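Visitor: Got a structure for you, questions after.
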Amino acid sequence: MRQKTKNIALSAAVMITVLVCIVFYSGYTRQQICRESTANLLSTYSQVTKTFNMFVQRNWNVLEVWGKDLEDLDGDPDASRKWRIYVEERATWQYSEAVLFNEENQYWTVGGRQGDAPHMKAALAELYASDGPIVTSYISSKGVRKVMFAMQVQPITIDGVTYTSLALCYDNTTLENLLGGLAYEGQSAYGGQSDCYIVRTNGDVVLSTEPRTVIPEQLTNLFDYLEDNTETYQIDFSQTRSAVQQKETGGVTYDIASTRYYLVYQPVGVKDWSIIGVVPASAVESGMNAVQANTILLLLALFAVILFGMSKIFYNEAKMRRERAEAEKQELQRRKEIADEMFEGMARLVDRFAICDLDTDRYEDHERKKEDLYPPEGSFRELREEISRKYVALTDGENAKLTRMLSPENLRAQLKTPEDALKFEYAARDKSAFLMMTVVPCGWEEGRLTRVMIIAQDMGRQHLLQELANTDALTGLLNKRYFDAVVGALERRGQAFALFYLDLDRFKPVNDTYGHAMGDRLLQEVGKRLQGCIRGSDYAFRLGGDEFALLLVGELSAEDCRRKATKVGIAVAEVYQLDGNDIFIGTSCGWSLFPSECPSAEQARLLADKRMYADKQRRHALYDHGLRAD
Numbered sequence: 004m005r006q007k008t009k010n011i012a013l014s015a016a017v018m019i020t021v022l023v024c025i026v027f028y029s030g031y032t033r034q035q036i037c038r039e040s041t042a043n044l045l046s047t048y049s050q051v052t053k054t055f056n057m058f059v060q061r062n063w064n065v066l067e068v069w070g071k072d073l074e075d076l077d078g079d080p081d082a083s084r085k086w087r088i089y090v091e092e093r094a095t096w097q098y099s100e101a102v103l104f105n106e107e108n109q110y111w112t113v114g115g116r117q118g119d120a121p122h123m124k125a126a127l128a129e130l131y132a133s134d135g136p137i138v139t140s141y142i143s144s145k146g147v148r149k150v151m152f153a154m155q156v157q158p159i160t161i162d163g164v165t166y167t168s169l170a171l172c173y174d175n176t177t178l179e180n181l182l183g184g185l186a187y188e189g190q191s192a193y194g195g196q197s198d199c200y201i202v203r204t205n206g207d208v209v210l211s212t213e214p215r216t217v218i219p220e221q222l223t224n225l226f227d228y229l230e231d232n233t234e235t236y237q238i239d240f241s242q243t244r245s246a247v248q249q250k251e252t253g254g255v256t257y258d259i260a261s262t263r264y265y266l267v268y269q270p271v272g273v274k275d276w277s278i279i280g281v282v283p284a285s286a287v288e289s290g291m292n293a294v295q296a297n298t299i300l301l302l303l304a305l306f307a308v309i310l311f312g313m314s315k316i317f318y319n320e321a322k323m324r325r326e327r328a329e330a331e332k333q334e335l336q337r338r339k340e341i342a343d344e345m346f347e348g349m350a351r352l353v354d355r356f357a358i359c360d361l362d363t364d365r366y367e368d369h370e371r372k373k374e375d376l377y378p379p380e381g382s383f384r385e386l387r388e389e390i391s392r393k394y395v396a397l398t399d400g401e402n403a404k405l406t407r408m409l410s411p412e413n414l415r416a417q418l419k420t421p422e423d424a425l426k427f428e429y430a431a432r433d434k435s436a437f438l439m440m441t442v443v444p445c446g447w448e449e450g451r452l453t454r455v456m457i458i459a460q461d462m463g464r465q466h467l468l469q470e471l472a473n474t475d476a477l478t479g480l481l482n483k484r485y486f487d488a489v490v491g492a493l494e495r496r497g498q499a500f501a502l503f504y505l506d507l508d509r510f511k512p513v514n515d516t517y518g519h520a521m522g523d524r525l526l527q528e529v530g531k532r533l534q535g536c537i538r539g540s541d542y543a544f545r546l547g548g549d550e551f552a553l554l555l556v557g558e559l560s561a562e563d564c565r566r567k568a569t570k571v572g573i574a575v576a577e578v579y580q581l582d583g584n585d586i587f588i589g590t591s592c593g594w595s596l597f598p599s600e601c602p603s604a605e606q607a608r609l610l611a612d613k614r615m616y617a618d619k620q621r622r623h624a625l626y627d628h629g630l631r632a633d
């Protein structure tokens with residue numbers, strides 16, 4: 004009995020000791036989980052911040068390049084058309100509008116719209132008060148939040164109005180996709196449950212992702228909402244406001260509707276803005292809570308082992324180590340998945356990037372173009388030598404070498420912190436390509452830089468390829484591909500236009516009599532005459548063979564179209580003198596109006612084609628009677 008009492012007392016003592024240890028461990032690990040979760044969120048949003056800054060810098064670089072190109076168009080009577088073509092060829096950058104402004108709030112868009120923008124008064128005042136480029140947000144005349152990148156440029160006169168600034172405007176949805184794609188969109192580590200905001204120091208929302216939490220859409224001030232919907236005993240948001248105003252980095256937790264959330268904040272490096280991340284605690288802590296629960300279960304198992312015998316202790320300790328190792332492995336895999344998602348977000352913004360290991364002298368190249376510049380992987384040293392052989396640094400002179408600049412020693416000397424970056428420009432020796440390179444750190448071990456990301460954006464060859472793809476090689480007119488793109492763009496914007504379809508008459512006898520070479524020369528001359536029949540804001544296309552199209556932008560009447568068809572017919576019918584031969588041809592023409600006559604672009608095409616066919620039948624009937632149709 005006495006031994007039994009001792010055993011019971013010993014068991015009770017062991018049980019109380021284990022329970023006390025479990026309670027202490029739960030409190031301790033809860034604090035650690037909170038700190039680790041906050042640190043992981045801040046690290047992730049730091050990568051989002053870097054990518055956003057790259058997006059901002061890219062837009063400023065674009066504005067600088069475009070601003071210089073605008074100087075060449077000042078005073079050109081064809082400036083509006085040339086500038087429109089120039090900008091539309093770069094429309095793949097997803098901006099909603101490229102706009103010229105002046106200090107009187109007057110604007111001109113590449114779509115041909117112009118007028119006054121009183122809702123832009125505050126944004127333009129900020130621009131003209133600045134010494135350099137700015138990024139700001141504003142509410143459009145339709146009540147839509149937009150973000151504007153702008154800079155002052157040399158004055159340029161278009162349609163009698165002088166403009167002094169250039170801006171790229173983005174819908175909030177475009178930047179929402181940028182932030183959402185990087186902050187756990189889709190099947191992410193946090194289940195796509197996070198909200199991401201960029202706010203001013205007072206909490207006013209500049210842009211945001213589509214809310215995934217209980218926070219509503221179209222939020223004006225984030226902190227005001229949280230103060231109104233969070234119990235005061237939980238958190239004092241005045242401290243968070245103060246921290247954001249002081250451009251500090253940190254995080255807090257709070258409850259809304261019985262759900263606990265993490266809120267992390269850090270400055271983005273643009274104006275006084277900060278990035279705010281809001282993520283449910285369940286999504287952030289799921290992996291760590293599992294580790295905590297498993298650990299508690301192991302402690303209980305240890306208690307059972309102690310009760311039944313010391314022989315099981317070493318076995319359970321080994322099991323604990325194995326499970327902890329597996330948990331660490333899963334954590335490393337989770338972090339790798341986050342990094343992979345960040346790289347995928349990067350690939351949507353840049354032409355190529357490479358991950359380089361400075362310790363192993365290896366790299367992996369991620370090329371988005373069909374034609375790779377370099378092998379997908381290999382020696383980092385050989386990559387540096389290849390770049391130095393093919394390219395020269397524009398900022399360092401013709402004899403500059405990139406090998407030393409990209410050496411591990413120089414990179415470690417230049418990149419001291421995760422926020423550092425090394426930026427420079429270089430071009431091919433034959434001027435066939437122009438690239439902007441940025442090197443950022445992406446891997447550290449015990450404070451030592453081990454991996455870098457080299458980001459390259461091709462700014463030269465892209466323009467050349469697009470220009471060649473949109474132009475007819477024989478006549479120099481725009482081609483069928485670009486015709487479809489322009490018509491589609493005008494229809495989406497609701498821009499009125501007149502469409503003319505033209506088919507040459509008596510062209511086949513020219514080929515049969517004089518040969519195809521003479522026929523090609525004749526097509527070239529027709530292209531020149533058609534180009535001379537339109538305004539600078541209009542378009543001339545060769546659709547194929549002897550088929551052409553004209554696109555006149557703006558409101559026109561039926562009478563205007565008939566006069567234009569007559570003018571074109573006279574121009575085409577003028578005698579062609581080629582190699583001493585007088586050649587006579589004509590043209591059949593059909594036209595249509597969008598949207599006054601046809602509610603869709605497709606209907607406009609069908610009507611213009613129908614009228615052209617009717618005109619061709621009429622002309623053939625005249626030819627059969629020996630009369631000239633023109």
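Numbering-wise, the sequence shown is residues 4 to 633 according to this note's numbering. Virtual Cβ for every residue (Gly too), placed ideally from N, Cα, C. All values derive from a computational prediction rather than experimental measurement.
Of the residues R545, Y504, L405, K511, which one's Cα is nearest the Cα of R565?
Guide: Taking only the C-alpha atoms, the option nearest R565 is Y504.
Visitor: Rounding to the nearest angstrom, what Cα-Cα distance links H122 and S140 in this structure?
Guide: Answer to the nearest angstrom: the Cα atoms are 11 Å apart.
Visitor: Buried or exposed: which applies to W447, given that a residue is buried once 16 or more other Cβ atoms fall within 10 Å of its Cβ?
Guide: Classification of W447: exposed, given that the 10 Å Cβ count is below 16.
Visitor: Going along the chain, which unbroken runs of the alpha helix (DSSP H) with 4 or more residues stay wholly within the region 34–59?
Guide: Runs of the alpha helix (DSSP H) inside the region 34–59: none found.
Visitor: Using DSSP bridges, identify the partner residues of I279.
Guide: For I279, which the question treats as bridged, DSSP gives the partners Y200, Y268.
Visitor: Are three or more beta carbon pairs between the region 573–585 and the region 512–529 nearer than 8 Å?
Guide: With a cut-off of 8 Å, the region 512–529 and the region 573–585 count as touching, because enough Cβ pairs lie within range.
Visitor: Based on Cα-Cα distance, which residue from P379, I278, S285, T262 lies nearest to Q269?
Guide: Minimum Cα distance to Q269 is reached at I278.
Visitor: Helix, strand or coil for I588 per DSSP?
Guide: The answer is coil: DSSP assigns I588 none of H, G, I, E or B.
Visitor: So, helix, strand or coil for F383, using DSSP?
Guide: In the structure shown, F383 sits in a helix (DSSP, three-state: H, G or I).
Visitor: Leaving out five residues before and five after R622 in sequence, what residues of the same chain have Cβ atoms less than 7 Å from its Cβ?
Guide: If we look at R622 and ignore the five residues flanking it on each side, its Cβ neighbours are D508, G589, S591, A632.
Visitor: Got a sec? Which residues, its chain only, sit under 6 Å from G548 by beta carbon, not counting five neighbours each side?
Guide: Once the five neighbours on either side are set aside, G548 has no close Cβ partner at all.
Visitor: Taking the alpha-carbon positions, what's the V90 to V113 distance?
Guide: Going by the C-alpha atoms only, they are around 7 Å apart.
Visitor: Look up T474 in the DSSP assignment and say whether it is helix, strand or coil.
Guide: Looking at T474 - three-state DSSP - the assignment turns out to be strand.
Visitor: What's the C-alpha gap between V489 and L553?
Guide: So the alpha carbons of these two residues sit roughly 12 Å apart.
Visitor: Looking at the secondary structure, which residues open and close the beta strand (DSSP E) in which Y98 lies?
Guide: No beta strand (DSSP E) holds Y98; DSSP gives it neither H nor E.
Visitor: For P214, collect the residues of the same chain with a Cβ closer than 7 Å to its Cβ; drop the 5 residues on either side in sequence, then sort them by chain order.
Guide: Excluding positions up to five away in sequence, the list reads D198, E220.
Visitor: How far does the alpha helix (DSSP H) with C601 in it reach, from first residue to last?
Guide: No alpha helix (DSSP H) contains C601, which DSSP labels as neither H nor E.
Visitor: Does N232 come out as helix, strand or coil in the three-state DSSP assignment?
Guide: If DSSP states are grouped into helix, strand and coil, N232 belongs with the helices.
Visitor: By the 10 Å Cβ neighbour count, where 16 or more other Cβ atoms means buried, how is L467 classified, buried or exposed?
Guide: Confidence at L467 is low in this model, with a pLDDT of 47, below 50, so its placement is unreliable and the value that follows should be read with caution. By the 10 Å Cβ count, L467 comes out exposed.
Visitor: Could you tell me the boundaries of the alpha helix (DSSP H) in which K250 lies?
Guide: Where K250 is concerned, there is no enclosing alpha helix (DSSP H), given that its DSSP letter is neither H nor E.
Visitor: Pull up the distance between the alpha-carbon of D618 and that of K85, whole angstroms please.
Guide: Distance between the alpha carbons of D618 and K85: 33 Å.
Visitor: Is the number of C-beta pairs between the region 66–73 and the region 272–287 that are closer than 8 Å three or more?
Guide: With the cut-off at 8 Å, the region 66–73 and the region 272–287 do not touch.
Visitor: Ignore the nearest five residues each way along the sequence and tell me which others in L409's own chain have a CB closer than 6 Å to its CB.
Guide: R387.
Visitor: Return the first residue and the last residue of the beta strand (DSSP E) that T363 is part of.
Guide: Note, T363: premise wrong, no beta strand (DSSP E); not H, not E.
Visitor: Given a threshold of 16 other Cβ atoms within 10 Å of its Cβ, counted over all protein chains shown, does L22 qualify as buried or as exposed?
Guide: That one is exposed.
Visitor: With 16 as the cutoff for other CB atoms within 10 Å, does T262 come out buried or exposed?
Guide: Classification of T262: exposed, given that the 10 Å Cβ count is below 16.
Visitor: Could you name the residues of the same chain whose beta carbon sits closer than 7 Å to that of L546, not counting the 5 residues immediately before and after it, in chain order?
Guide: So the list reads K483, F486, A552, once near-sequence residues are dropped.
Visitor: Within 10 Å of its beta-carbon, does K332 have 16 or more other beta-carbons around it, so buried, or fewer, so exposed?
Guide: Exposed, because fewer than 16 other Cβ atoms sit within 10 Å of the Cβ of K332.
Visitor: Between which two residues does the beta strand (DSSP E) carrying M154 extend?
Guide: Note, M154: beta strand (DSSP E), 148–161.
Visitor: I need the straight-line Cα distance from Q249 to S211, nearest angstrom please.
Guide: Those two C-alpha atoms are separated by around 21 Å.
Visitor: If we ignore side chains and look at the alpha-carbon of each, how far apart do L127 and K511 end up?
Guide: Their Cα atoms are separated by approximately 58 Å.
Visitor: Going straight from the alpha carbon of E401 to that of E380, what length do you get?
Guide: Residue placement at E401 cannot be trusted, given a pLDDT of 45 that sits under 50; the coordinates are not used to answer.
Visitor: Sorted by chain position, which residues of the same chain lie with C-beta nearer than 6 Å to G253's C-beta, five sequence neighbours on each side aside?
Guide: Once the five neighbours on either side are set aside, the close Cβ partners of G253 are A246.
Visitor: Could you work out which residue in K149, R203, L222, N105 is closest to P158 when comparing CA atoms only?
Guide: The residue with the shortest Cα to Cα distance from P158 is N105.
Visitor: Kindly indicate which three-state DSSP category S241 falls into: helix, strand or coil?
Guide: It is helical.
Visitor: Hey, could you find the ends of the beta strand (DSSP E) C536 is sitting in?
Guide: First-last for C536: undefined, no H or E at that position.
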